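K.L.:
Can you read through this structure? Questions will come right after.
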Amino acid sequence: MSDELNSPQYDVPPEMQGQIAITTLDKIYNWSRRSSVWPMFFGLACCAIEMIATATSRFDIARFGMEVMRPSPRQTDLLLVSGTVTKKMIPQIVRLYNQMPEPKYVVAMGACASGGGPFKEGYNVVSGIDNYIPVDVYIPGCPPTPQALLHGLITLQKKIDKQTLKTARWYDKESEAAIPVPVFGPDIMDPRDYEAIKLHAQEKLQAELNIPSPEVEQG
Amino acid sequence: MSEQTVTRTLDLAERFPGAVTPDERPGYEGYLVQPGRLLEVTTALRDELGFDYLSSVTGVDYLPEGKMEVVYHLYQSVGGSALVLKAQIPRDDPRAPSLVPVFPGAELQEREAYDLLGIRFEGHPDLRRILMWEGFEGHPLRKDWREPYYEEDAKPFKSRWPEGHVWRAEDKNPFHKNVSYPAGFNPETWVPEGDAALYAALGKVEQRGASTTMKTDQVIVNLGPQHPSTHGVFRMVVTLDGETVVALKPVMGYLHRNHEKIGERNTYLQNMPFTDRLDYFCSMSNNFGYALAVEKLMGVKPPERCEYIRVIMAELTRIVNHLLAIGFLLNDLGAYFTPLIYAFEERELILDVFEAVSGSRMMCNYFRFGGVARDFPEGVLERVRDLVYERLPRKIDELDLYLTNNDIIRMRAEGVGVLRPEQAIALSAVGPVLRGSGVPYDVRRADPYSIYERFDFDVAVRYHGDVYDRYLIRLDEIRQSLRILQQAVRDIPDGPIQEGKPQYQVRVPAGEAYGRVEGPKGELGYYVISNGKPNPWRYHVRAPSFINLTTLEPMALGNKIADVVIILGSIDIVLGEVDR
Ligand code: SF4
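Right, dumping it as structure tokens:
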């Protein structure tokens, strides 16, 4: 077993050394999780090609126990958002995220997934997946090189190392509600924003009709 | 040196009195056709003059003139230059006859023009939105349509240059997101249209090819957009009778990144890195096509050495693409990942060359108008030489040896997904799909550009039109590319790599140009219109894998659902280019 587990701060008698390991539950729990993060086999755009390149022999993601890519969200721990997130695709991504079992992580790979990237101003582009789902690690680059991706995944491992069973959200009694799936309207609509949408659309209408808004009237 | 030209010599005005007039605008080419007589003219052109291949259909919004224009590029499938036809229609009621009855390959392209410009094609069998969803507000490519993050009509934006005070677009948007809604809109009373129109379109063709002897229930199956075999975020909806496909509709737009809208705000050179991201396997060929189109407008020619560098890069790209296409196809055939990993090994070596010359592995942004960004650094030419004389030929033979006569591959791929030659031409198929069906059409030979005329190579062609032939033709093409490369690295001269001084802001005279190259996936064309300003008025990409998808349904009908996956794999699509 690896060295990192073998720091028990407890004297093991010489005859037992090498045969038993004493560690904390958190450590062994995190160690086993971080060494077998299964990403979803799910590519969005150009970045996905570098993701596949990372899985091949030169870069060999298997060194980190992450080569098992699963197409089904039910069998994955990591949503690697590898590419441009479009408005047309975001309902599916939110649904996939909701379908993943806890513990789950999200890595935004590349400029597009992190903030819209070169296509940010596009009318069908979401400026960053974190508008909809929480992100654990952002990897810059367009596309990030395989080395950068590996670095991002190592960062994720470090994050996993710091978690503890006591505060893990997936053992919380009140489990988190699913993220509402966006709806196709005249533009993409997040159900959490309906009030704001209504308000702004009303304001816009009033501005167009040149009716002074109520506040102005009062003032 | 050869140059792609436009057919002007035909006296079409005489042949179709009252219907066709030459396009006299300065910098423009081709003919204006009365919209009402378009069907008659194109039918005659196809049947009498041999213009049987419709390469591209697109629309242009001439806002100041209050007109829209539908632009058609026709070719002869035996080779030769383009025939450009245009139909002008009023902007407030844009209607044009659909060309689908004459050229079925227009189907997806007309849907795109409808989606993005709002041009209604009368007589189109299935006119729905294609890239955006039903219910989306407006037609984004119209010049007066503004995106939520709209700042100015054209770059460079004043906020960045020369004053240079950048802010985040999110901070100015009331929702802090890339969205906007029409005035008075109420989301609570909104009913999303969903996929009703799609399923209705599928229902229309339900009985096509169904079995007559036994009555079975039909089921509709959705594949994608999250599916391991759809090569990205592609979706197809199939109707199955048992396991047999009786109807299929491709659904796309899940990676629609608005290249054309962004491209019309960009300056000419700013578009170059965006072309990298169209077909992200083949950034060098994408650069090539765009550079050709703009060079035509500017009237510049790159120097000799640069032409050789371009050809070397384009052909290396073709090898990368075909290796990966074979790898992914075998993935779909069940040889899970092993062949693909072999393909990636060679890709890495070629990518090393790209990285050395351009600074980036995938997104090379290497071509400039009248040149390339920089010359080969020391040692790169030797590395290419080693690859094309030693390593790659050996590796291709290896691949051939391991795979080609494998029983499982032959059983699964032979006779599956057959596309007949006349079908392929009518459906505007390009590249390996067209040549795999027995039509020896290769832009490098049919309408040569750059210096391809100098090289000795054969146009690969296979005659069965099935998945197996489309696999074999990619191997053939890699071998032909190696031949070209061997000649190019032998003959490459010394000299400058850029015509004139490199410029950030090029002057492009008003006019139109269509530059096309034989990309690895087929004919890749760029239609660029300049009005003399620093930004293109229209920037349209004729994407090979998008138009090749028209062939998916005819090839899939009557086959088993498991075969649809390999038929799609044999077309070799890449979503960055399909959805743009
Ligand atoms: S970050 Fe760059 S490489 Fe990645 S998906 Fe976006 S455009 Fe493509």
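If you're matching them up, the sequences are chains A and B in order. Take the first sequence: its letters are residues -9 to 209, numbered as in our numbering. Take the second sequence: its letters are residues 929 to 1508, numbered as in our numbering. Note that CB positions come from ideal geometry on N, CA and C, so glycine has one too. In this text, all values refer to a predicted model and were calculated from it rather than measured experimentally.
Say whether chain C places a C-beta atom closer than 8 Å to the C-beta of Ser1108 (chain B).
P.N.:
No chain C is present in this structure, whose protein chains are A and B.
K.L.:
I'd like to know whether the C-beta of Arg1185 (chain B) is nearer than 8 Å to at least one C-beta of chain A.
P.N.:
In the second sequence, counting from the first residue as 1, residue 1185 (chain B) sits at position 257. Chain A, which has a Cβ nearer than 8 Å to the Cβ of Arg1185 (chain B), makes this yes.
K.L.:
Output needed for Val1300 (chain B): all residues of its chain with C-beta closer than 6 Å, excluding positions within five of it in sequence on either side, in chain order.
P.N.:
On the second sequence, residue 1300 (chain B) is found 372 positions in, with the first residue counted as 1. Only Cys1234, Ile1237, Tyr1294, Ile1425 meet the Cβ criterion.
K.L.:
Rounded to the nearest angstrom, what separates Pro1120 (chain B) and Ser72 (chain A) at their Cα positions?
P.N.:
One-based indexing of the second sequence puts residue 1120 (chain B) at position 192. One-based indexing of the first sequence puts residue 72 (chain A) at position 82. The straight-line gap from Cα to Cα measures roughly 28 Å.
K.L.:
Rounded C-beta distance between Gly1450 (chain B) and Pro1421 (chain B)? I'm assuming under 8 Å.
P.N.:
For the purposes of this step, residue 1450 (chain B) is taken as residue 522 along the second sequence, with counting starting at 1. For the purposes of this step, residue 1421 (chain B) is taken as residue 493 along the second sequence, with counting starting at 1. The C-beta distance from Gly1450 (chain B) to Pro1421 (chain B) rounds to 30 Å, too long to meet the 8 Å contact threshold.
K.L.:
Give every residue of the same chain whose Cβ lies closer than 8 Å to the Cβ of Phe54 (chain A), excluding the five residues on either side of it in the sequence, and list them in chain order.
P.N.:
Here the question's residue 54 (chain A) lines up with position 64 in the first sequence. Same-chain partners within the cutoff: Ser25, Val27, Leu140, Leu143, Ile144, Gln147.
K.L.:
For Thr76 (chain A) versus Phe1272 (chain B), is the C-beta distance shorter than 8 Å?
P.N.:
Start at 1 with the first residue of the first sequence, and residue 76 (chain A) comes out as number 86. Start at 1 with the first residue of the second sequence, and residue 1272 (chain B) comes out as number 344. Not a contact, by the Cβ cut-off of 8 Å.
K.L.:
Determine the chain B residues that contact Tyr184 (chain A) at a beta-carbon separation under 7 Å, and present them in chain order.
P.N.:
Here the question's residue 184 (chain A) lines up with position 194 in the first sequence. What Tyr184 (chain A) touches in chain B, judged by beta-carbon distance under 7 Å, is Pro1115, Glu1116, going in chain order.
K.L.:
Could you tell me the alpha carbon to alpha carbon distance between Met996 (chain B) and Gly1191 (chain B), rounded to whole angstroms?
P.N.:
Locating residue 996 (chain B) in the second sequence gives position 68, counting from the first residue. Locating residue 1191 (chain B) in the second sequence gives position 263, counting from the first residue. Distance between the alpha carbons of Met996 (chain B) and Gly1191 (chain B): 19 Å.
K.L.:
Which residue comes first and which comes last in the beta strand (DSSP E) that contains Phe1474 (chain B)?
P.N.:
Position 546 of the second sequence holds residue 1474 (chain B). Run containing Phe1474 (chain B): none in the beta strand (DSSP E); it sits in the alpha helix (DSSP H), 1472 to 1476.
K.L.:
For Val1173 (chain B) and Gly1486 (chain B), which I take to be in contact (beta-carbon distance under 8 Å), what is that distance rounded to the nearest angstrom?
P.N.:
Translated into positions along the second sequence, residue 1173 (chain B) becomes position 245. Translated into positions along the second sequence, residue 1486 (chain B) becomes position 558. Your pair Val1173 (chain B) and Gly1486 (chain B) checks out as a contact, with CB atoms roughly 7 Å apart and the cut at 8 Å.
K.L.:
Could one say the Cβ of Met1060 (chain B) lies closer than 8 Å to chain A's Cβ atoms, at least one of them?
P.N.:
For the purposes of this step, residue 1060 (chain B) is taken as residue 132 along the second sequence, with counting starting at 1. Interface criterion met: the Cβ of Met1060 (chain B) is under 8 Å from a Cβ in chain A.
K.L.:
Taking just the CA atoms, how far does Leu1244 (chain B) sit from Ser1009 (chain B)?
P.N.:
In the second sequence, the residue the question calls residue 1009 (chain B) occupies position 81. In the second sequence, the residue the question calls residue 1244 (chain B) occupies position 316. Their backbone Cα atoms lie some 26 Å apart in a straight line.
K.L.:
When the distance is taken between beta carbons, is Leu967 (chain B) closer than 8 Å to Val1030 (chain B)?
P.N.:
Start at 1 with the first residue of the second sequence, and residue 1030 (chain B) comes out as number 102. Start at 1 with the first residue of the second sequence, and residue 967 (chain B) comes out as number 39. It is a contact, given that the beta carbons lie within the stated cut-off.
K.L.:
Mind the definition here: the segment 1064 to 1072 of chain B touches the segment 1038 to 1050 of chain B only if three or more C-beta pairs lie below 8 Å; say whether that holds.
P.N.:
yes
K.L.:
Does DSSP classify Arg974 (chain B) as helix, strand or coil?
P.N.:
Counting from one through the second sequence, the residue named residue 974 (chain B) turns up at place 46. The answer is helix: DSSP assigns Arg974 (chain B) an H, G or I state.
K.L.:
Leu991 (chain B): buried (16+ other C-beta within 10 angstroms of its C-beta) or exposed?
P.N.:
Taking the second sequence and counting its residues from 1, one reaches residue 991 (chain B) at position 63. By the 10 Å Cβ count, Leu991 (chain B) comes out exposed.
K.L.:
Where does Arg1205 (chain B) land, buried or exposed, given buried means 16+ other C-beta within 10 angstroms?
P.N.:
In the second sequence, the residue the question calls residue 1205 (chain B) occupies position 277. A residue is called buried once 16 or more other Cβ atoms fall within 10 Å of its Cβ, and Arg1205 (chain B) is buried on that count.
K.L.:
Give every residue of the same chain whose Cβ lies closer than 7 Å to the Cβ of Pro136 (chain A), excluding the five residues on either side of it in the sequence, and list them in chain order.
P.N.:
On the first sequence, position 146 is the one that residue 136 (chain A) refers to. So the list reads Glu40, Ala43, Thr44, Phe49, once near-sequence residues are dropped.
K.L.:
So, using beta-carbon positions, are Pro1032 (chain B) and Gly1051 (chain B) closer together than 8 Å?
P.N.:
The sequence position of residue 1032 (chain B) within the second sequence is 104, counting from 1. The sequence position of residue 1051 (chain B) within the second sequence is 123, counting from 1. Not closer than 8 Å, so no.
K.L.:
What would DSSP say about Gly1423 (chain B), mapped onto helix, strand or coil?
P.N.:
For the purposes of this step, residue 1423 (chain B) is taken as residue 495 along the second sequence, with counting starting at 1. Coil.
K.L.:
Compute every distance between the C-beta of Arg1508 (chain B) and the non-hydrogen atoms of the ligand SF4, then say whether any falls below 7 Å.
P.N.:
Here residue 1508 (chain B) is taken as the residue at index 580 of the second sequence, counted from 1. Answer for Arg1508 (chain B): no, Cβ out of range of the ligand SF4.
K.L.:
Indicate, with yes or no, if the ligand SF4 has a heavy atom lying under 7 Å from the CB of Ala101 (chain A).
P.N.:
Locating residue 101 (chain A) in the first sequence gives position 111, counting from the first residue. It does: the Cβ of Ala101 (chain A) is within 7 Å (strictly closer) of some heavy atom of the ligand SF4.
K.L.:
For Ala1128 (chain B), count the other beta carbons within 10 Å of its own beta carbon; 16 or more makes it buried, fewer makes it exposed. Which is it?
P.N.:
Residue numbering aside, residue 1128 (chain B) sits at position 200 when the second sequence is read from its first letter. By the neighbour-count criterion, in which 16 or more other beta carbons inside 10 Å mark a residue as buried, Ala1128 (chain B) falls on the exposed side.
K.L.:
Can you list the residues of chain B that Ile39 (chain A) reaches, using a CB-CB cut of under 8 Å?
P.N.:
Position 49 of the first sequence holds residue 39 (chain A). The answer, in chain order, is Tyr1208, Phe1209, Met1290.
K.L.:
Just reading off the beta strand (DSSP E) that Val1456 (chain B) is part of, what are its end residues?
P.N.:
On the second sequence, residue 1456 (chain B) is found 528 positions in, with the first residue counted as 1. First-last of the beta strand (DSSP E) with Val1456 (chain B): 1450 to 1458.
K.L.:
Buried or exposed: where does Ala197 (chain A) fall if 16 or more other Cβ atoms within 10 Å of its Cβ makes it buried?
P.N.:
The residue given as residue 197 (chain A) occupies position 207 in the first sequence. Per the 10 Å Cβ criterion, exposed.
K.L.:
At the level of alpha carbons, what is the spacing between Arg1074 (chain B) and Ala1263 (chain B)?
P.N.:
As a first step, residue 1074 (chain B) must be located in the second sequence, where it is residue number 146. As a first step, residue 1263 (chain B) must be located in the second sequence, where it is residue number 335. Counting only the Cα atoms, Ala1263 (chain B) lies some 47 Å from Arg1074 (chain B).
K.L.:
Spell out a yes or no on whether the segment 174 to 194 of chain A and the segment 1101 to 1116 of chain B are touching, meaning 3 or more CB-CB pairs, one atom from each, closer than 8 Å.
P.N.:
yes
K.L.:
Helix, strand or coil for Asn1487 (chain B)? Go by DSSP, reduced to three states.
P.N.:
If you number the second sequence from 1, residue 1487 (chain B) lands on position 559. DSSP, read as helix, strand or coil, puts Asn1487 (chain B) in coil.
K.L.:
Is any heavy atom of the ligand SF4 found at a distance shorter than 7 Å from the C-beta of Cys1292 (chain B)?
P.N.:
Counted from its first residue, the second sequence places residue 1292 (chain B) at position 364. No, Cβ of Cys1292 (chain B) sits at least 7 Å from all heavy atoms of the ligand SF4.
K.L.:
Do we get a CB-CB distance below 8 Å when we pair Phe1530 (chain B) with the residues of chain A?
P.N.:
Nothing can be reported for residue 1530 (chain B): it is not among the residues displayed for chain B, which extend from 929 to 1508.
K.L.:
Does DSSP put Leu1327 (chain B) in a helix, in a strand, or in coil?
P.N.:
Position 399 of the second sequence holds residue 1327 (chain B). In this structure, Leu1327 (chain B) counts as helix in the three-state DSSP scheme.
K.L.:
At the 8 Å Cβ level, is Thr74 (chain A) part of the contact set with chain B, yes or no?
P.N.:
One-based indexing of the first sequence puts residue 74 (chain A) at position 84. Chain B contact via Cβ: present.
K.L.:
For Arg1056 (chain B), which residues in the same chain have their Cβ closer than 6 Å to its Cβ, ignoring the five residues on either side in sequence?
P.N.:
For the purposes of this step, residue 1056 (chain B) is taken as residue 128 along the second sequence, with counting starting at 1. Ala1125, listed in sequence order.
K.L.:
Would you say Leu1225 (chain B) faces chain A, with C-beta separation under 8 Å as the test?
P.N.:
As a working note, residue 1225 (chain B) is residue 297 in the second sequence. For Leu1225 (chain B), no CB of chain A lies under 8 Å from its own CB, so it is not counted at the interface with that chain.
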